[in-house]
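J.: The structure follows.
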Amino acid sequence: MPIAYLHILEGRSPEVKEELVKSLTQSICECLKTNPEQVRILINEVPKGNWAVGGTLKE
């Protein structure tokens, strides 16, 4: 059973996250030759104040 952990910045709509999950599930199934029912995806939405790139917080 494949499990994908995603860490993304908070603020995306439920529709965008749904499309992300569908697309990622399809890719995992194609690569690993498995069924969508076997794929698990966990999304961790990180507040912008807790995410830094290049030494700068993404506020």
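13 is the number that the numbering used here gives to position 13 of the sequence shown; each next residue is one higher, with no gaps.
Even for Gly, the Cβ is constructed at its ideal location relative to N, Cα and C.
1) Within the same chain, show all residues whose beta-carbon is closer than 8 Å to that of E10, passing over the 5 residues directly before and after it, in chain order.
2) Does the beta-carbon distance from C29 to V39 come in below 8 Å?
3) I'd like to know whether the C-beta atoms of T34 and P2 end up nearer to each other than 8 Å.
4) Do I8 and V21 count as a contact pair if the criterion is CB distance below 8 Å?
5) Output needed for S23: all residues of its chain with C-beta closer than 8 Å, excluding positions within five of it in sequence on either side, in chain order.
T.: Looking at the atomic coordinates:
1) Closer than 8 Å at Cβ, skipping near neighbours: E45, V46, P47 and K48.
2) yes
3) yes
4) no
5) Here the set comprises nothing.
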